[in-house]
Every structure is written in C-alpha cells, then in structure tokens.
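Chains as they are written, first to last, in the working numbering: chain R, 34 to 218; chain X, 2 to 215; chain U, 161 to 987; chain H, 135 to 394.
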Amino acid sequence: MNISRRNFLKLAGGTLAAAGVGTGIGVQPAFALPKKVRYAQEVTTICPYCGVGCGIIAHVSNGKVINTEGDPDHPINKGALCSKGGSLYQIANNDKRNKKVLYRAPGADAWKEVEWDWALDKITANLKKTRDASFKLTNANNEVVNRCESIAAIGGAALDNEEVYALTKMNRALGLVYVEHQARI
Amino acid sequence: MSAHGDMIKVTDGIERVVHWILAGSCLFCLITGIGFMYHSWSFIATFLGGPYAMKWMHIFSGLAFAVSFVYSFFMWKKDCQFESQDLQWVLKGGGYLWNVKDLPPVYKYNAGQKAFFWILVACAIVIIASGVVMLNPLYYPVVMARFAYMLHAGAVVLLGAFIVVHIYLGTAGNPGTVSAMLTGYVSRPWCETHCPRWLADRDSWKPGGEKDVA
Amino acid sequence: MTNHWNDIQHADAILIMGSNPAENHPISFKWVNEARTKRGAKLIVVDPRFTRSAATADIYARLRPGTDIAFLGAVINYAIEKNRIHEEYVKNYTDAAYIVNPAFQGATDLDGLFSGLTGAKYDKATWAYEMDENGIPKQDLTLQDPLCVYQLLKKHYSRYTIKKVSDITGCDAADLEAVCETYTATCKPELSGTIMYAMGTTQHTYGSQNVRAFAVLQLLLGNIGNAGGGINALRGESNVQGSTDHGALFHILTGYLKYPKANQPTLAVYNEQNTPKNKDPKSLNWWGNTPKYMASLMKAWWRDADLETAYSYLPKIDDGKNYSYLPIYSAMANGEIKGMFVWGMNPAVGAPSSKMIRKAIAQLDWMVCVDLWETETSAFWQKEAGVNPADIKTEVFLLPAASSMEKEGSISNSGRWCQWRYKAIDPVGHAEDDLWIINQIVNRTKALYAKEGGAFPDPIANLTWNYGKVGLDGKIHPPSPREVAKEINGYFIAEKEIEDKAKGEIKKFKPGDIVPSFAMLQDDGSTVCGCWVYAGSIDDKGENKMMKRDPADPTGLGMFPNWSWSWPVNRRIVYNRASVNVEGKPFSKEKPVLWWSPLKKAWLGDIPDGNGDPDAILPFIMVPHGRGMLFAAGMSDGPFPEHYEPLESVVKNTLSNSQVSPVITRWDEKAKEETCNPILAAGCIAALYGSEEAKEFPTICSTYRVSEHWQTGQMTRWIPWLNELVPNQFVEMSEEFAREHGITFGDKVKLTSARNVEGITAYAMITKRLKPFRIQGKDIHMVGITWHFGYKGLATGGNANDLTPFIGDPNTMIPEYKAFLVKVEKA
Amino acid sequence: MAEYIKLIDVTKCTGCRGCQVACKQWNSLPAVDTMFTGSLQNPKDLNYNTWCLIRFDEVEKDGKLNWLMRHDACMHCETPACAKACPSPGALTKNENGSVVHNPAYCIGCRSCIVACPFDIPRNDKALEKMAKCSLCHDRIDDGKKPACVTACPTGCLTFGTKEEMLKAAEKRAEKVKGVIYPANPHYETHVMYILPGTVGVEDFSHMNPHPKMPATLYWWKNLFKPFTLIGIAGVAGAAFLHYIIKGPHRVHEKKEGGE
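Below, the structure written as structure tokens:
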C-alpha cells in the first residue's frame, strides 16, 4: 500500500470515503504523514556520547537538521541507537545551546555577551601574563625544564582527533605540564 | 380566540415548547448519533461542519434533551400514570391495529401514549446517564465506561423505533393530532374519540368553557 | 579494547565485570546478544548492583564494591587448581616459564606485601626475571620450578579460595563457583572468553591491578589475540581513545611515547632511557622504534628546529612528580595554578570531592571553558552553586563550541576504529569548532609574543603551525581538519630512500609524500608524524581511510577491513599472533583471526601483529620480551594483583594485615597536617577503617551512570527527551536498608560523607535489586547513586561527587569513585 | 502488500529506552515534564506524547530476581477495537500492512478508542481534544524502513518483518528460551507480539492484559445495536407505512364533528 501525496490529498478532501455500514472493520487507506526525510540530504556522523562509535545519519534540509537516526549500513550499530544517541536531534536543535561568547568579569554576578575578537585577545593576554610570570627554565635540581606550571588544560575527549592533536601541540608548545583529560577519571 | 373555532385547547404554551425542545434535541441527537455510528453516513457530519463540530452539537443537543426531558418528566408523569383500564385498552390493540369499537374511554393519554412516555423515560435516563459517562469516560472504571457506550447505543435502538411510531401516530396515523403540539388546539370530535373522559372532565370544570374561550 | 565491538559476537563466555554495557554502552549488547543467540555464549555479570546488564544474564554474581581483585583471585586460583588453563598458550606466549629473581618475595611471604617496600614506595630491584648469558630471561618450560612465574602465581592465588573470597566479597559461594566454572571453561583452545570492563573496574584505588587481574586470567585461559576474546575496556566518551592516542595526558606524548622528564635533558638521553632493549631475537620489542617516532613528532611540532632544539622546547616534568587530575586540583587549591583551559569537561561535577574542586577553581585568576552548554564548571561562581559571586575573583570565558554535527573530523572508538564524521550544518549562533578556537589562540599568542617578547618565546615562535590555506582573497582561511589529519598521519620532508627488506626493493620518497606506515618513519628528521599509531590512516594517494565505508567482510568475522580505519595499521584485533599456534595454525578453526599460508608464504586474515614466519616472532610485540606478562614488574603496587580494602571501608582485610596498599598517595594524611591548605584539609578527609568517621558513615556507596544520561550530564541534562526519562537524582537502596532506616516509597534522603557533612539530597529508589552483603557474619549495606546531576541544566539534582573521596590509584591516579562511605538518612 | 508483525522479545530487552526516544524523535513528540517515579520507568504511563514506554517490574520467583522490562505500545490488532469504536471516519484506520493508524486531523477527541482498547494504549490530550498512539511508523514502512523503535533497538529485542517470518521466528525463539508467545489466544490476532520469559507469568508484568479480547460491550454495541438502530427505525417506519396503506389512518368521524 503506497500512499502518494495525491492519494493523501484525495483522502483529505473527502471524508465521504467508503466504509462498511455493517459490523466489520474495512481496510482503508490511512492518512500519510509527510515523508519528512525523503528529500533531505543525508550526512553521516558518529555519535558523540560513549565509545562504541555508532553511525548516525543526520537528515539536513535548508541548513537544519530535521531528523537523526541510526545508520543502518554501519557495521557496529546497524541502525540501532540508545536513548542518548537517539536524542542527537535535540543537540542540533536546542534553545539552550551556547550561541554567544560569554564573559564573566571578576566579582560579577552575571554573564556578559562579548565578541570573539575581544574574548580571544583577552584570553591570549591572560595566558601570556600568567605564563611569563611563572615560567620556569630550571627546577630545584637545576635541570632544564622550560615549563609553565601555573596554567592547566583539561579535557579533550569530546574533541575530534585533529582538534585534540592540535590542542596537545598548543599545550606543550606553551610549556604546560598540567595537561589532563577524561581518560584519567 | 375565535380563530380556533370549535377547538379544544389540549396543551399550553410551555408544554408545546418543552415538547418541541425535547423532540428536536432528541431527533437531532438521533441523527447526529447515527452519523457517528455509521461511518457511511458521515455526510451528516459533513453537512454539519465535520465530525468535531458534530460532536459538540451532539453534546449540547443532548444537554437540551436532558433538561427538557427532566422538565417534561415532571410535567407529564401524572398524566401518564397507568390505571386499571389501560390493560383493557392494550388488549384491544388500542383500536389502531384492528377495528374495535368498544374501547374503554381514555382520559388524557391512552395506554400506548403512556407506555411511550415511560419507555422514553427509561431510555432517556439510560442515554443521559451513559452520555454523562461518555463525556469523561476516563474518570470511571473502564468496565463502567464500556457499558456506558453499549447502553447508549442499546437504548437508542429502542427509543429510535418508538420515536418513529410516535411520529407516525402523531401525524399521518391520526390526522388532526399534530395540531395539539402546534397550535395547542384539537377538534372536539378528535377529543371525543381520543380522550373522552378527559373531555368530559374538562367540560365539567368549565361549563361551556370551550365555547367561552372560543 | 584489544578487540572491537563486532568481535564480541565470537565469544563463548562473556564476563561483564566493572561495567554495565546494557546501560552505558547499549549498542554493545547487540553483539553480546548475537554471541548468545548464535553461539550459545554464557553471559556472566559481576556487579554490586543488579543492573540492566544483569537482568538478562545467565549468571549474576554480587560483590561488595572494591573487592574485584579478591573475586578474580578466586577465578584465577580455580583455573590453576583445576588446571583449566590453555597450556600451550601459557607456555609459549606468556612469561609463565620465566624464572624470577630468587630474592623476590610475594604477598604470601610478606603478609600482603611484596619485597622491596621502602617507605611508601617499592624498590623493584627484586621484581625481575633471571637472565641467561645472552640477556634473555631464563625459562623452565615444565613450569615446575618454584621460582618460575607460574609457580609464584599459583602460590600467590592459593589463598584466594572460594570460601575465603565469598566471605570477603559477600558473593554467594555457589554463584562464585558458577562464575569460575563457566568462565574458565574457555581455557579450551577453540573457545574464547571476553571481558568487558569499564570504570567499575578502573575507578578504584586498585583500579590498575583490577585490570591486571583480568590480564592474568585472560593469559591463563589463552583469551588474548583471538576472536571473541581480549580485555575490552569500554570507553565512556566518543573520543577518549583518540584523545589519549593524541597525548592529552600529562605522562605521555602522542602515540603513548613517554613524556620527557627533567632528568632527560637531551633527546639522546630520552631515547636511551625510553627505548627498551631486548636480546631475544624472537621479540620484536616494538618500542625499540621510539627514536623514530619521537624524531618524527619533533619535526611535526618544530619543523625548522633541529631535533635536539625541538626536544629542548618540550616542557619537562620532574621525575616522580605527578601532574595528573587530582594533583591539578591540589595545586589549584594551593594557589599554584592561576589559569585553566577547560575543553568540554566538567570537573565541578565530575571530579572527586567536587565541593573542594569548586573551591579550588575559585582560586584561579582566569578560566576558559569551551562547551556546548553552560556547565557547573563554567558557572561555579553563580548563586546556584551556593556561593556569593562577589567573593569570586575569577575571570571566566565561556566559548560556544560547535557540536559534533557542526564540524568535521575523525574520532576513535573503543575498538580503535577511527571514523570520520562530516559536517551537517553550520554551528549554531556564534559557535565555532574547537580547531578554529585553538587556531585563533595559537596565532594570537604567536603574534603577541612576536610583538612583545616574553618568557622563553622560542617554542611558540617556532611552532610549526601551517594550518589554514591562503584563499583567493589573500586571507588565511580557518584550518581544515584534513590538513591536520595529514600531519598526524605523517609525510616526508626530505628525499629518502628506504629499503624494504621483505620485498628486497628500495622505495623512494620525496618531500610531501605521505608516510604509508609507521614502519617508514625515520629518526633522522626526514619524516613528520604527529602520532605514529595513526601513520597509515591516509594512503599514498591521499585518500583518507578513516572515511571508508565499504561494508565488505571478507573473513566473515565482522572485521570490516575497509570500513573506516583502525589503528595500528588497520589491525582489528591486536596481539592477533597469539590466536595461532607456533605453526601458524589458528587455535580456533571456526573463527580464525589470521592464519599462515605455507604456499603463499604469507599471513591471511587480519593484519598480523608483527610480520615474519610463524614462530619467528613472539606475539606480544609491545612487551620488551614479547610475551604476555603474568608478572608485571612495571606496576607500582606489586607484580601480582593483591586484595586490599578500599581506603574507606567498614571491613577489615582478612586476607592479610595490610588493610590498604602501602603505596597509595594519602591526601587524607596530608589533610591532617597543620600546614595543609584549609580547602584541601576539608576536601581530603577519609573515613578510614576503624576510625570514628567510619562509625559515623557506615554505609558503602558507589557511584554509577545510567543509560539515559552521560557523564556529568553536561550535555544530557540539556536534552529534554533524556530528562523526561531520568528527571531526578536518586539513590538505589535495598528494601532491607530502607526498612532499617524508615525510608519509604517516594521519600527523599540525605547523603553525607566525611568530606561533605551538609550532604546532598536525592529520591530513594527502594529496590529488590540491591541486597545487604553478608561479610564476616555481618550484614553490610550499600547504596548506589548516579553522578549525572548538578545545579545547571534543565534537570538538576544532588551532585554525587560532592561525597566521593580524594584518593587515587598509585599507578594511574584514577580517583576512587566506586567504594566509599556515607551516611543515609531521611531528608 | 505484505502484512507485518513487530515482535518484542522481552528476554532480550535491557531497558535502554532507545525505542522510547527514537519514537519521540521520528514522530516529533515533545518531552513530557516528569518526576521520579520510584523506579526507572518514566513517564509513569503512556501519554499523548509518549507512544511507547518501557515498563519496569521487579519480581522475585523461586528465589530468583527477575527484573522485567517490557516495551509497551500499541498492539495493532487484526480487528482493532479502537477503530471499531471510533465515531469519526478516517481518525483510526487499519492498513493493509497491519498497522492501525490514527489521524489527528479527523480525531474528535471522544476517547471511545481509549475505553475500547483491550490493552489500554491510546491516550488523549484534553486541551487539544485529540488521541494519539503508536502508528507502527506506517510512514516509515511505506518508505521501506522499519519502525523507529525497531530500527533503534540495540539488543534485538524488537524485530520487524512479514507476518509469516515473524510467526516462525517467534515460535522458534519461544521454544529456545522456553518462553511464552503473547497474545496466546490464537483467535486474537495482533501485529505486535511478545515473547515472554517462561520463568514468570503474564500477570507478573504490569499493565498487561492476560486475556486480551475485544470487549463484549463493544461487540454488542457495534455488532448488534448498531445494525438494529437503523433496522429498528426502518422497520417501524415500514410497518407504519404498511399500516397506513392497509388500514389507513385513524380518522375522527367527520359527521360527528359537523352534527354538533
């Protein structure tokens, strides 16, 4: 039973569709939901939650994710998804996401929306100030250490490989030694 | 009043209004109910603006039916008390089914009319009570709700049939009757035939009353 | 994972211990069930709580939190006593036959300790194999020498009898025996058993030894390297595997290269100390390649500097000093750390004793958080956190990050499959992907140092950061992950001719050529490689193998060699040379991972772990001696796993008089010192066995996760559909416990611990799935609480980590989240 | 077109609730405001925006704890009581593929389907005056996909296929795990079937009808009273007509009228 749009309109147009007067339930063509993903673009992605690495298809239409579901071709999950993976749609479509750069001044009791440029410059300035003030060329044993112990960098397990590689490269180039992420906990 | 000629007033205005509210709402409910019951009769809903609109029409019409029913129950119940000679009337087929001349004289309503009243009462109680349950079926135990749906329909079977009888006998079956519920007046011969005892009684209350009125 | 997710379907017995895959890795149950329906595999679940994994298990065994080693000790003892071991495997592929230094003394001789204890540290001189004149460990292939590893192991675990262990763990003896019987049945060469573990195993003071116990058991049963076997760590985050591969921990560089220490001033010294030596010709000793990988990494980071200079740019850590997760916060509390970057992490909820953590964070001058939503960490200064914002002087930046669908790049799952994900939509609002943010910070820092100079600017100024192509408009475009992926894979920067000994030909490479495999990496600075284990992820035509989507499965074993790419060199099962006997014939004909074809003179099947003819090399190529280690001298707390009680325990250790391991870092003792920072002093107290605190906090508590939320809830508590499923924090408790404490259905309870007397509240979930443990004749109660909740998000609730102890494993410093003491009362 | 069956193998369910979210995702159903219910079951019951629900029960039998998790959703009856009770044409229809589908456009919110359902599945929204329930994702079936819940199910608990295949599979599996097929009554056919573990009984599962059948009241209503309503009216009207033409109307004597 293939319900086409035309059939649907025909049905919607007339409630006079024939049905049994008597006692049985006649098989009737059902209404059809709009085929929401039929004309959408499919983009494959991998679930951002646990380490199983399930394949997910995001259906994209007009720059919006309109549906997400398990990738039936993916050998690990074969289309299956748990509750978390199944809710990916609400990550892409979520009112509460951070959409602006936020800044909280010392002692302030609220966020302030700021521009990227301003924030990045301020972060860089803070970074340099802290690094320069505490950079150690040698340790107590007079061994060369070239490190900055006053800045820590944590996290990265939710980043892509390329990002976390760049992050490690940056952290170590800055001289950080307090470098940790979720693998430890 | 002379417009009525030699006519006898059998119903007053309130009675007629209540009757027609009752009759109208009942018929409307019956028709819309049939529209719900038979998907193939969904044109009824279409004429009335769709099944959703029809749902509310059915409910409000049912409300009118219920109110007018309660009023009419108290209005007519006294006149519809059975008496001993009603049995006789029934045994003779009320003079409708076969020609019998010596019917016991009827007061205001004959046994058939009384029976119709009481069947209406019984069915209406069932229909209204079940209808109330159906308004909020989820507030009641599911078994009760299911019985409500069944009884609502079951009572309609009975009531629907009797309404047809009532309409036939009130119109084509007994010419001259319908005016009782339209103008309130019927002819004297009609009265002599259908409610002789009541007529006699009436004349005794108001000697020549009818003529006065006329 | 030594194996991968699809491979679980080949198991004949599945031991789920210290994990709860039905809830936390639900899709893995697809393959668990596949094994059960297709092969009739037995599912064994060992857990303190009757979890959703246990709901369908064939055998469920309960154990008191923190007694995993005792439990596994009983299984190991059973295997040895009943001779249910894979003898051929044990003799050929493990160190069972190696002779150990006669001066070594174990827990049986030293009442739970090992020889060499000096203060709070082991001197491991005696934990060594005896070497022959060629520098190869001495062996007794009869396994009868009382000094051989096998006999020492046997002696060590002889104390772990069913009866004894049942009394320690609280596990019913019949259940324990059923587990032993069922799991050790996989000792038959053709059978395999897999162990699925996660944080229930590792988040213990003895977490590393718990995993060691798995390794010992699997080696005895011959379950590593084969299909349906292995030790499989179920990783909790989508790319925690990849981020570890890329060196996001203090003690490693990319590809698990050891992090340089202050006493390794030059690359030459570093290479000398970190390149294991081995004289056994059969051992590949893969870490012998360390200089090549290190040189390629240095060239990736500081291309224009010579290798030694580049090495000098790397910050060095002090030998013996720990810079890991817990020390970060103790340093922060002490005011030593002034600034912090937080990349999608939420320590205000996730770190142990998190109330103290939030106070430590308040000591920072500035913090940069990069996240999709506001987290408890980025909002630690808000009123909801129970603080006065005006008192907190920390500057906080919250940068909006792109979600996984709003950028592209690869992530590596637990089974080491590196899978590419594509960009579906543009980031919401002003959000940007992390690479863009990192790139901005690096470029701006470089510019700032170029302009102003500063402390040791060379590593920043000279850092090779050639990402972002110049567009037609003359501007530098944001970096593409594809450029970075190429650097991670590696390419040549100088002309090079490399001789392929196997094929007897010479391969020529010119600058810009892709490095086809890590075997081609050079120690002379002619190659660049960001992470050697990822070398080969891009083929010589530049095709990114991580993007592959070919569902073909030529072996029929579900290895899908052309679906994405698996490190190393697309090998799907590591140590797979252990799945064949010395003649190259698979132990299991039914599910051969690989096999030697004498006709073709080649290995067929999976990519073999190390080339060469059968018996030419030993299978455990990452181990210097090439054999699986039953005796692990590398561990800080003993070469064999030994049971000790958790730091916070109401039970005396009845196996020895060593209540806790002597080598764990005792912040609780430091906290008692008068000089201790008050933040640390309050946050590090522990309710030790026999102390007053232990009497006040008599109930064992364990934290855990549920299927519907993730980690600290920093993502999932913003997802309405998931909050609908689990809207509130709750505490699981047995009906017996609830009765004793007058707690009834729908009540809220308050939990307090030695570190948090104000406590947290949660709903009581009274369940038949928890029961008191019968231990040493007493009923011991436990409760379980999720750690998904905090004060931000659409669903909020008590933060379980406000209760957890500040104590870590001596090897990895992983915090103890699974066994600590609390008091539960009706709120 | 083939007839399909969704088979729910309760022995394989691990209660991850992927189905619950997948259902909401595909059908664009908003989250419901919930509170802790004492167990993991949440929402507490099916509702207008929750068409499938994992129900959790803890049952101790023979000293063994059974943690039962059951995917509860529309059973898609062969003779759906809901559609039978429905007064609005097109609001509840049964498709050839076996799915019983509601169309909110035609639903008038009368709730008779909820009362009629032997499994207590449909739910209504009071304000919207609409009912809703699982549609077996018939729109996905049309596109050659499996229902969202089945696609999402990780453990193989939910499977979907043609009637013949699934009936065979159900028997095989039930035999293997010594389980019970539900509904057991061969005269009550549904397009959703369960395999229940043999260690517990149907009555151990909450919200499960041990003897599903079309309510007798509905049978009386639709199979008896419904035809008799029109038959009665038409019959009486016919009889009246016959009376009129045969016996004629009961006229009052004219001459009497005039004679007076």
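From the three backbone atoms N, C-alpha and C, an ideal C-beta is built for every residue, glycine too.
DSSP-derived helix/strand/coil call for Ser352 of chain U: Here residue 352 of chain U refers to the residue found at position 192 of the third sequence. Reduced to three states, the DSSP call for Ser352 of chain U is coil.
Three-state secondary structure (DSSP) of Thr296 of chain H: Looking up residue 296 of chain H in the fourth sequence gives position 162. In the structure shown, Thr296 of chain H sits in a strand (DSSP, three-state: E or B).
DSSP state of Asp228 of chain U mapped onto helix, strand, coil: If you number the third sequence from 1, residue 228 of chain U lands on position 68. Helix at Asp228 of chain U.
Members of the segment 116 to 139 of chain R near chain H, C-beta cut-off 9 Å: Ser116, Lys117, Gly118, Gly119, Ser120, Leu121, Tyr122 and Gln123
Chain-order list of residues whose beta-carbon lies under 8 Å from that of Ile79 of chain R (same chain, five-residue window excluded): For the purposes of this step, residue 79 of chain R is taken as residue 46 along the first sequence, with counting starting at 1. Within the same chain, Gly86, Cys87, Gly88 and Ile89 come within 8 Å of Ile79 of chain R by CB-CB distance, once the 5 residues on both sides are set aside.
Same chain only: Cβ atoms within 7 Å of Asp479 of chain U, ignoring 5 sequence neighbours per side: To locate residue 479 of chain U, count along the third sequence from 1; it is residue 319. These residues qualify, in order along the chain: Lys421, Ala422 and Asn423.
Contact belief for Leu336 of chain U with Ala465 of chain U at Cβ below 8 Å, rounded distance in angstroms: Taking the first residue of the third sequence as 1, we reach residue 336 of chain U at position 176. Taking the first residue of the third sequence as 1, we reach residue 465 of chain U at position 305. So it is not a contact: roughly 59 Å between Cβ atoms.
Proximity test, Cβ basis, 9 Å: Gln175 of chain H and chain R: Start at 1 with the first residue of the fourth sequence, and residue 175 of chain H comes out as number 41. Closer than 9 Å: no.
Cβ neighbours of Ala191 of chain R in the same chain (closer than 7 Å, five flanking residues each side left out): Residue 191 of chain R sits at position 158 when you count from the first residue of the first sequence. Closer than 7 Å at the Cβ level, and outside the excluded window around Ala191 of chain R, lie Pro81.
Within-9 Å CB hit, Asp254 of chain H to chain R: Residue mapping note: residue 254 of chain H aligns to position 120 of the fourth sequence, counting from 1. Cβ-Cβ to chain R under 9 Å: no for Asp254 of chain H.
Residue range of the unbroken alpha helix (DSSP H) whose run includes Gly499 of chain U: Stepping through the third sequence from its first residue, residue 499 of chain U is reached at position 339. Taken as a continuous stretch (DSSP letters only), Gly499 of chain U belongs to no alpha helix (DSSP H), being part of the beta strand (DSSP E) at Gly499 to Trp503.
Pro806 of chain U: CB within 8 Å of a non-hydrogen atom of the ligand PLP: As far as ligands go, the structure on display features none, and thus does not contain the ligand PLP.
Delimiting residues of the alpha helix (DSSP H) encompassing Tyr169 of chain X: One-based indexing of the second sequence puts residue 169 of chain X at position 168. First-last of the alpha helix (DSSP H) with Tyr169 of chain X: Val143 to Gly171.
Tyr453 of chain U burial status per 10 Å Cβ neighbour count (16 or more: buried): Here residue 453 of chain U corresponds to residue number 293 of the third sequence, with the count starting at 1. Result: buried.
Where the segment 192 to 224 of chain H meets chain R: residues whose CB sits under 8 Å from a CB there: Thr213, Pro214, Ala217, Lys218, Pro223 and Gly224
Proximal chain R residues relative to Gly628 of chain U, where beta-carbon distance stays under 8 Å: Taking the third sequence and counting its residues from 1, the one referred to as residue 628 of chain U is at position 468. What Gly628 of chain U touches in chain R: nothing, since even the nearest Cβ is about 11 Å away.
Reduced DSSP category for Asn161 of chain H - H, G, I as helix; E, B as strand; rest coil: Looking up residue 161 of chain H in the fourth sequence gives position 27. Residue state, collapsed to three classes: coil.
Chain R within 9 Å of Trp160 of chain H, Cβ atoms only: Along the fourth sequence, one-based indexing puts residue 160 of chain H at 26. Yes, contact with chain R.
Separation of Glu192 of chain H from Asp179 of chain H, as counted between CA atoms: As a position in the fourth sequence, residue 179 of chain H is number 45, starting the count at 1. As a position in the fourth sequence, residue 192 of chain H is number 58, starting the count at 1. One C-alpha to the other measures close to 17 Å.
CB contact flag (Phe189 of chain U, Pro288 of chain H, <9 Å): One-based indexing of the third sequence puts residue 189 of chain U at position 29. One-based indexing of the fourth sequence puts residue 288 of chain H at position 154. Their beta carbons are under 9 Å apart, which means Phe189 of chain U touches Pro288 of chain H by this criterion.
Through-space distance from Ala250 of chain H to His345 of chain H, alpha-carbon basis: Taking the fourth sequence and counting its residues from 1, one reaches residue 345 of chain H at position 211. Taking the fourth sequence and counting its residues from 1, one reaches residue 250 of chain H at position 116. A direct Cα-Cα distance of roughly 15 Å separates His345 of chain H from Ala250 of chain H.
Pairwise C-alpha distance: Thr414 of chain U and Val210 of chain R: On the first sequence, position 177 is the one that residue 210 of chain R refers to. On the third sequence, position 254 is the one that residue 414 of chain U refers to. Approximately 14 Å between the Cα atoms of the pair.
Helix, strand or coil at Ala695 of chain U according to DSSP, with G and I counted as helix: Here residue 695 of chain U refers to the residue found at position 535 when the third sequence is read from its first residue. It is coil, neither helix nor strand.
Counted within 10 angstroms of its Cβ, other Cβ atoms place Tyr72 of chain R as buried (16 or more) or exposed: Walking along the first sequence from the start, residue 72 of chain R turns up at place 39. Its Cβ having fewer than 16 others within 10 Å, Tyr72 of chain R is exposed.
With 16 other Cβ atoms within 10 Å as the buried cut-off, status of Ile367 of chain H: For the purposes of this step, residue 367 of chain H is identified with residue 233 of the fourth sequence, where counting begins at 1. Under this definition Ile367 of chain H is a buried residue.
Ile380 of chain H, DSSP secondary structure in three states: The residue labelled residue 380 of chain H in the question sits at position 246 within the fourth sequence. Residue state, collapsed to three classes: helix.
Proximity test, Cβ basis, 9 Å: Cys689 of chain U and chain R: Locating residue 689 of chain U in the third sequence gives position 529, counting from the first residue. The beta carbon of Cys689 of chain U sits no closer than 9 Å to any beta carbon of chain R.
Proximity test, Cβ basis, 9 Å: Pro317 of chain H and chain U: In the fourth sequence, residue 317 of chain H corresponds to position 183, counting from 1. No, no contact with chain U.
Interface positions of the segment 144 to 159 of chain H facing chain R (Cβ-Cβ less than 7 Å), listed along the chain: Cys150, Arg151, Gly152, Gln154, Val155, Ala156 and Gln159
Residue from U:Gly672, U:Pro671 and U:Glu657 with nearest C-alpha to Glu665 of chain U: Start at 1 with the first residue of the third sequence, and residue 665 of chain U comes out as number 505. Of the listed residues, the one whose Cα sits closest to Glu665 of chain U is U:Glu657.
Rounded separation between His167 of chain X and Tyr150 of chain X - CA only: Counted from its first residue, the second sequence places residue 167 of chain X at position 166. Counted from its first residue, the second sequence places residue 150 of chain X at position 149. Looking at the two C-alpha atoms, the distance is approximately 25 Å.
Buried versus exposed, by CB contacts within 10 Å (16 or more), Ser85 of chain X: Along the second sequence, one-based indexing puts residue 85 of chain X at 84. Looking at its Cβ environment, which holds fewer than 16 other Cβ atoms inside 10 Å, Ser85 of chain X is exposed.
Near-chain H residues of the segment 56 to 83 of chain X - C-beta to any C-beta below 7 Å: Lys56
Simplified DSSP assignment, three categories, for Met144 of chain U: A question about residue 144 of chain U goes unanswered here, because the residues of chain U that appear run from 161 up to 987.
First and last residue of the uninterrupted alpha helix (DSSP H) at Ala46 of chain X: As a position in the second sequence, residue 46 of chain X is number 45, starting the count at 1. That run of the alpha helix (DSSP H) goes Phe44 to Phe48.
Burial state of Asn258 of chain H, where buried means 16 or more other Cβ atoms lie within 10 Å: For the purposes of this step, residue 258 of chain H is taken as residue 124 along the fourth sequence, with counting starting at 1. Asn258 of chain H is buried by the Cβ-count criterion.
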